[in-house]
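In what follows, a single structure is set out as structure tokens and then discussed.
Numbering (my numbering), first residue to last: 5 to 498.
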């Protein structure tokens, strides 16, 4: 069914300026059909690309359990006795042909954390390069490079822990360019009234975490840990071939896009993109709306990475789930987050197109839900003690509600500066990677005795940071294209 792209009536006050993505007097082109469209094909291919990317990122955390000699970790056993054993532990024999290594807990921490040291370096360069040469090749080769390096993980492990750490850091370098590159592509592909839907589809790759966690466990159980890296590495190479063959940097260069769809996309983005070749670095860095996104992104990722890296630990050492239950239950929250991302994207664009909500109003509402909601349920999970059912339910709800942010601050870069969206995402993601590097370290230092009270402190700190980020974004974010993002500096106004 075709929906006309119509101007939205301005709301009262300063937010009337962003109530419609088109300038007054701009042609109102009828929306091109969704089915088999080039823009939605791009979203689906991007989804599978980020699916592979998340799988390549988390597969080591599962395989590492089988890579390490269990006798090495006995001295590091920190399981709390506050909660009763949740289920009788069963000793199940499984394939143990994979080589084992004498790595203690600290060494394992360095191996898992090394990814972020590479990841943080290429964020801003990735956004800058994508703005100059396009995001297709940059994103494609970023994931390809990570996939190829993944194939060499078993060899690097044989060479020693230093080689494996270097390899993981190089994988981080490859993955670091991917999100800025994708944002740069969407600046040319996403009609403003479809941004939430298209970006929530392409970035809803939490499903990669949901599937790769248990699948990696099954592979380790029935085969051995080396096949985890071979499988996901080969899948990444196959995706790269399809990406290069089927995707173009812009509608103008796409070989099979319909004339109707091309005109729809180009007309909807008219007067939003800058023609100037130089990047306005000073205005960008002085832009308060950009720093609102930075603070929100940093704050949200503090909870995201706290749960991503420590949820299995909390379930094992505090709630005392066995390893089989832990793998499944650790994946469930990310399935909820994936589902929420898809649905929130549909809801956000519906509010804008049908209910005349301004852009900034939608971004604020979805960011508040996606940041304060997780904070509330994370704190609740820490204070219900050993109630296993409620703990799992609250942690799942906390992660699920975070999916609302995919239609909030996460795509606000495209609202305020579509021409420089890749660079802006590179800047915000650089700061947002810091919680992944320091958050787990701080959490570990706060839980020396591994008690419920200590974990309550960890959860409360993460929640407080998230709430602060939510209110900061609400106060200072904008929904219209900023003057410095347009070559003529007339801005996007009604």
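The beta carbon of each residue, even a glycine, is placed where N, CA and C say it ideally should be. Only a predicted model underlies this, so the values are computations on that prediction, with no experimental measurement involved.
Legend entry - Alpha carbon of residue 344 to alpha carbon of residue 404, nearest angstrom: 6 Å
Inset, instruction - Please state whether DSSP places residue 181 in a helix, a strand or coil. - result: coil
Inset, instruction - Measure the Cβ-Cβ separation of residue 422 and residue 366 and say whether it is below 8 Å. - result: no
Inset, instruction - Would you mind listing the alpha helix (DSSP H) stretches within the segment 247-275 that are 4+ residues and don't spill past its ends, in chain order? - result: 263-272
Inset, instruction - Per DSSP, which residues does residue 105 bridge with? Please list them. - result: 72
Inset, instruction - Determine the burial state of residue 482: buried for a count of at least 16 other Cβ atoms within 10 Å of its Cβ, exposed for fewer. - result: buried
Legend entry - Exposed unless 16 or more other CB atoms sit within 10 angstroms - verdict on residue 209: buried
Inset, instruction - Excluding the 5 residues preceding and the 5 following residue 355 in the sequence, name in chain order all residues of the same chain whose CB lies nearer than 6 Å to its CB. - result: 361, 366
Inset, instruction - Give a yes or no on contact between the segment 136-151 and the segment 173-185, applying the rule of three or more CB pairs nearer than 8 Å. - result: yes
Legend entry - Inter-residue Cα distance where the pair is residue 115 and residue 151: 18 Å
Inset, instruction - Use the C-beta contact count for residue 449: other C-beta atoms within 10 angstroms, 16 or more gives buried, fewer gives exposed. - result: exposed
Legend entry - Residue from 113, 45, 296, 245 with nearest C-alpha to residue 206: 45
Legend entry - Separation of residue 280 from residue 39, as counted between CA atoms: 34 Å
Inset, instruction - State whether the segment 438-449 contacts the segment 386-395, with contact taken as three or more CB pairs (one from each stretch) at a distance under 8 Å. - result: no
Legend entry - Where residue 361 falls: helix, strand or coil (DSSP): coil
Inset, instruction - Give the secondary structure of residue 385 by DSSP, where H, G and I count as helix, E and B as strand, and everything else as coil. - result: helix
Legend entry - Among 203, 202, 236, nearest to residue 217 - alpha-carbon criterion: 236
Inset, instruction - Alpha carbon to alpha carbon, how far is residue 409 from residue 193? Give it in angstroms, no decimals. - result: 21 Å
Legend entry - Residue interval of the alpha helix (DSSP H) (run including residue 419): 416-420
Inset, instruction - State yes or no: is the C-beta of residue 127 within less than 8 Å of the C-beta of residue 73? - result: no
Legend entry - Other residues of its chain near residue 293: CB distance less than 7 Å, five sequence neighbours each side excluded: 420, 480, 481, 482, 486
Inset, instruction - Using only alpha-carbon positions, find the residue among 402, 234, 243 that is nearest to residue 339. - result: 402
Inset, instruction - Would you kindly check if the distance between the Cβ of residue 176 and the Cβ of residue 304 is under 8 Å? - result: no
Legend entry - Proximity winner among 374, 458, 396, relative to residue 412 (alpha-carbon distances): 374
Legend entry - Proximity winner among 397, 349, 384, relative to residue 334 (alpha-carbon distances): 397
Legend entry - beta-carbon residue 347 near the ligand ZN non-hydrogen atom, thresh 7 Å: Of ligands this structure carries none, so the ligand ZN is not represented either.
Inset, instruction - Tell me, please, whether the segment 453-461 touches the segment 121-137 by the rule of three or more beta-carbon pairs shorter than 8 Å. - result: no
Legend entry - Three-state class that DSSP yields for residue 313 in the structure shown: helix
Legend entry - Extent of the continuous alpha helix (DSSP H) run through residue 224: 210-226
Legend entry - Option in 65, 195, 133 with minimal Cα separation from residue 42: 195
Inset, instruction - Could you have a look at residue 92 and say whether DSSP puts it in helix, strand or coil? - result: Note that residue 92 scores 49 on pLDDT, short of 50, meaning its location in the model is unreliable; the coordinates nonetheless yield the value given after this. Residue 92 falls in the coil class under three-state DSSP.
Inset, instruction - Can you have a look at residue 29 and say buried or exposed, based on whether 16 or more other CB atoms are within 10 angstroms of its CB? - result: Because residue 29 sits at a pLDDT of 40, beneath the cut-off of 50, its placement in the model cannot be relied upon, and the following sentence gives the value as read from the coordinates. Flag for residue 29 reads exposed.
Inset, instruction - Decide if the segment 53-72 is in contact with the segment 222-237; the criterion is three or more beta carbon pairs, one per stretch, under 8 Å apart. - result: yes
Legend entry - Where residue 156 sits in the DSSP three-state scheme: coil
Inset, instruction - Keeping to the same chain, check which residues put their C-beta closer than 8 Å to that of residue 5; ignore five residues upstream and five downstream. - result: A caution first: residue 5 carries a pLDDT of 39, below 50, which makes its placement in the model too unreliable to give a value.
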